[in-house]
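Asker:
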Amino acid sequence: MSPAKYIKRITLFKVPKEEDVDAAIQKYKTLRETAVKDGEPYILHNEAGKTINTSEERSKGFTLCGQTTFASQADVDYYDSQCGAHAEFKKFITPRRTDVMVVHVPTEVLPSSAE
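The numbering of the sequence shown is the UniProt record's numbering, which starts it at 1 and goes up by one.
Next up, the structure:
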């Protein structure tokens, strides 16, 4: 029997002002606490942090990374299109960012404690 796969949504932002990066990290905490689907929390895990290698060319200038884990693609789709908490986050971050990149990745290799 193969282990359950989760969907990780990894988002990279180019946010020029450090105070906006700090505020966005706080917004990720709020997002975790307020995102609900059918009246229940549905984000399995989320985290965010400042990019520490912004001076390297390979960072492409991205200054903030967020990762959100969902149980299914349906939850990712809901988050992207219907989640009120995510809509509030987007309202905050959109005018403060100069670029964004988003990828959805099904977990193929689980942490060793979960195998």
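For each residue, glycine too, the CB sits at the ideal point set by N, CA and C.
The structure displayed is predicted, hence computed values, not measured ones.
Could you say which of Q82, S72, K91, S81 lies nearest to T107 if we only look at CA atoms?
Answerer: S72
Asker: Would you tell me roughly how many angstroms separate the C-alpha atoms of V102 and E19, rounded to the nearest one?
Answerer: V102 and E19 have their C-alpha atoms some 22 Å from each other.
Asker: Shortest alpha-carbon distance to F70 belongs to which of E56, F92, K37, V15?
Answerer: Out of E56, F92, K37, V15, K37 has the C-alpha closest to the C-alpha of F70.
Asker: With S30 as the anchor, note down where its alpha helix (DSSP H) starts and where it stops.
Answerer: The residue you asked about is not Ser; residue 30 is Thr in the sequence shown. 18-34 is the span of the alpha helix (DSSP H), which, as asked, contains T30.
Asker: Looking at C-beta atoms only, is the number of pairs between the segment 27-35 and the segment 45-65 that lie closer than 8 Å three or more?
Answerer: Yes: the two stretches touch, three or more of their Cβ pairs being nearer than 8 Å.
Asker: Is it right to say A24 is buried, meaning 16 or more other beta carbons lie within 10 angstroms of its own, or is it exposed?
Answerer: buried
Asker: Taking 9 Å as the threshold (C-beta atoms), are K8 and T68 in contact?
Answerer: yes
Asker: Counting C-beta neighbours from all protein chains within 10 Å, is the total for G39 16 or more, i.e. buried, or is it exposed?
Answerer: exposed
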